[in-house]
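Mapped onto numbering that gives the first Met the number 0, the consecutive letters of the sequence shown carry residue numbers 0 to 335.
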Amino acid sequence: MGEFITPEGYESPLTIRETEVAIKEIKDHFERALAKSLHLTRVSAPLFVKPESGMNDNLNGVERPVSFGIKALDDEAAEIVHSLAKWKRHALKRYEFHSGEGLYTDMTAIRRDEDPDNIHSIYVDQWDWEKVISKEERNTETLQYTVRKVYAALKETEDFMSRRYNYIEALLPDEITFITSQELEDMYPGATAKEREYNIAKAKGAVFISQIGKVLASGEKHDGRAPDYDDWELNGDIIVYYPVLDIALELSSMGIRVDEEAMRRQLKLAGCEERAELAFHKQLLNGELPYTIGGGIGQSRICMYYLRKAHIGEVQSAIWPDETHEIAEAHHIHLL
């Protein structure tokens with residue numbers, strides 16, 4: 000179990016039932032705002048995929064997917080998704096989306112190797128979105144423009160909730176700050192990646208840290224990123240300062256997706272060139288998939304943030320260690 004932060008004197012103004020109502024209000028409002036901002040169409044999405052499809056997100060390459068045999072397919076294996084980063088790109092082609100058009104969906108996942116704490120759970124729920132762009136739009140300007148669009152939906156939703164509930168004060172700044180992972184390392188030499196995130200988030204309120212996955216001048220990565228969906232030069236995380244827990248809180252990971260050249264380069268750097276033989280990877284390397292930008296936005300994360308909750312278990316129903324329940328009960332944290 001990860002560290003359990005217990006804010007001194009914490010007491011949520013909302014009962015569990017009132018919290019459930021507020022969660023629905025947040026999700027309805029943000030979903031509409033995001034779809035309008037990015038011109039997205041809602042689609043259905045899979046809970047599980049076949050391993051040989053190459054569709055599952057390998058995250059940092061060490062997390063084990065939940066797998067099971069399907070009786071109707073002679074116990075052929077399937078995997079619960081970690082995310083839909085690659086599936087969405089395939090869907091854009093299959094559903095005949097064109098440049099400037101995109102999709103979003105409710106993604107639910109199980110990450111069995113997650114260390115649960117205030118902001119992490121083995122159950123993951125997020126809005127996964129993806130949009131077709133041209134090859135010429137694979138640049139920093141497109142990335143930052145899209146980040147601002149996502150941030151505008153986040154800001155609008157916080158403003159809405161602050162009007163609905165008197166205890167919620169709008170915290171997000173009007174503008175989000177952009178910084179690369181290398182610039183951040185240069186700014187705070189000697190600090191860990193998490194310490195750097197905390198320092199910049201507290202100073203700016205909201206920040207987009209870009210170029211995650213590549214090795215920095217220190218010889219370390221800012222954070223891990225799978226080599227076969229985001230282009231490590233054109234991706235990043237939206238992170239905000241969260242005063243309830245005094246932490247940097249990641250709300251979204253997004254980026255321009257790999258093209259053929261970036262896929263080959265990153266597979267080689269990651270030491271997993273064998274993935275090029277998987278179905279999805281073959282399609283991409285053969286130029287059969289559209290160029291896209293996309294990401295995920297944590298549903299429970301933003302509900303926790305907007306409602307000023309101390310633990311993600313206050314806004315999602317999951318399984319927690321007995322110790323978590325005991326600590327939560329002793330500190331007025333009511334897990335669903």
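Cβ coordinates follow ideal geometry from the N, Cα and C atoms, glycine included.
**Report entry** Top-ranked residue by Cα proximity to Ala152, from Arg31, Leu233, Lys134
**Finding:** Taking Ala152 as reference, the option from Arg31, Leu233, Lys134 with the minimal CA-CA separation is Arg31.
Query raised in the report: Below 9 Å between beta carbons: does that hold for Arg307 and Ser98?
Result: Going by C-beta atoms, Arg307 is not nearer than 9 Å to Ser98.
**Report entry** Between the CA atoms of Lys201 and Pro226 - distance to the nearest angstrom
**Finding:** Cα to Cα, the separation comes out at about 30 Å.
Query raised in the report: Who are the near neighbours of Ile292 in its chain, counting only those whose CB is closer than 6 Å to its CB and skipping five residues on each side?
Result: Lys130, Ile132, Thr145, Ile255
Query raised in the report: So what does DSSP say about Trp86, is it helix, strand or coil?
Result: Assignment of Trp86 by DSSP, reduced to helix, strand and coil, places it in the helix class.
Query raised in the report: Beta carbon of Glu194, beta carbon of Ser217: below 9 Å?
Result: no
Requested in this report: State the Cα-Cα distance for the pair Pro45 and Lys267, rounded to the nearest angstrom.
Outcome: Using only the alpha carbons, I get a separation of about 29 Å.
Query raised in the report: In chain order, what residues of the same chain lie with their CB nearer than 8 Å to the CB of Leu33, ignoring the 5 residues before and after it?
Result: Leu39, Tyr103, Trp126, Trp128, Val149, Ala152, Ile296
Requested in this report: Could you tell me which of Glu135, Glu287, Ala278 sits nearest to Lys92, measuring between CA atoms?
Outcome: It is Glu287.
Requested in this report: Report, in whole angstroms, the separation of the C-beta atoms of Phe279 and His89, which I expect to be a contact under 8 Å.
Outcome: Taking C-beta atoms under 8 Å as the contact rule, Phe279 and His89 qualify, at a distance of about 6 Å.
Requested in this report: Tell me whether Leu248 is buried or exposed, calling it buried when 16 or more other Cβ atoms sit within 10 Å of its Cβ.
Outcome: Result: buried.
Report task. Mind reading off the beta-carbon distance from Met179 to Gln210? Whole number of angstroms is fine, and I expect it under 8 Å. Result -> A quick correction: the sequence has Thr, not Met, at residue 179. Going by Cβ atoms, the distance from Thr179 to Gln210 rounds to 5 Å, so yes, they are a contact pair.
Query - Length of the line joining the Cα atoms of Asp230 and Ala71 - result: 38 Å
Query raised in the report: Going by C-alpha distance, which of Arg147, Glu95, Ser66 is nearest Ile109?
Result: Ranking the options by Cα distance to Ile109, first place goes to Ser66.
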